[in-house]
Amino acid sequence: MTADLVVQVSRVRAAVGALPLPRYMTADAAGMDIYADLSGDLTIPPLGRALIPTGFALALPQGYEAQVRPRSGLALRSGLTLLNTPGTIDADYRDEVQILVINLGDQPVRICRGDRIAQ
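Under this note's numbering, the letters of the sequence shown match residues 1 to 119, in that order.
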């Protein structure tokens, strides 16, 4: 018998108006959706990069990692993807998870608070 893996997820800002913590959107989803916790809209020009706050931090058990991956729909529709894929969150990292995105499209991409930007 194996013990259940426990991952602590905490908000890094006040919960007033807080976005959902990462969650599965369907029963068979492989990854949890991660939301942009921006104070206002952000426009990323073609070939521009940005570090997007998520509003949460993880506490992973020693010997484990979490991975952050792009959402295929964003890449298809707008050219927005993650610069380092998969992104690795180490077991000893306790600060806010942030998502490094790049706009590979030929048009500016606007990211709004609450947009699903990664998984």
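Think of the CB as a built atom: it goes at the ideal place given N, C-alpha and C, for glycine as much as any other residue. Predicted, not measured: the structure shown is a model, and the values here were computed from it.
Neighbourhood of residue i by C-beta, 6 Å cutoff - its chain only, sequence neighbours within 5 removed
i   : result
L51 : Q98, L100
Q62 : A91
Nearest-angstrom Cα separation, counted from residue j out to residue i
i    : j    : result
G17  : L38  : 12 Å
L42  : D115 : 11 Å
A27  : I117 : 19 Å
A3   : V109 : 43 Å
R113 : A36  : 5 Å
For residue j and residue i, believed in contact at Cβ under 8 Å, the rounded distance
i    : j    : result
T81  : I111 : Going by Cβ atoms, the distance from T81 to I111 rounds to 13 Å, so no, they are not a contact pair.
L60  : I89  : 7 Å
P46  : E96  : Wrong, their Cβ atoms sit about 27 Å apart, outside the cutoff.
Q119 : G31  : 3 Å
Classification of residue i by the beta-carbon crowding that lies within 10 angstroms, buried from 16 upward
i   : result
A29 : exposed
R77 : exposed
R49 : exposed
Y71 : This sequence places Arg at residue 71; Tyr is not what is there. Under this definition R71 is a buried residue.
Any non-hydrogen atom of the ligand ADP within 8 Å of residue i CB
i   : result
A29 : Within the structure as shown, the ligand ADP is missing, as the structure has no ligands at all.
Under 9 Å between C-beta atoms of residue i and residue j
i    : j   : result
Q5   : Y64 : Before going on, a small fix: residue 5 reads as Leu here, not Gln. Yes, the pair counts as a contact, with Cβ atoms nearer than the cut-off.
L58  : R13 : no
G105 : G73 : no
Beta-carbon contacts of residue i that lie in its chain and below 8 Å, excluding the five residues immediately before and after
i   : result
P86 : Q67, V68, R69
N84 : L100
G40 : R113
Own chain partners of residue i with C-beta closer than 7 Å, once the 5 adjacent residues on each side are dropped
i   : result
L21 : V9, F56
Y24 : M32
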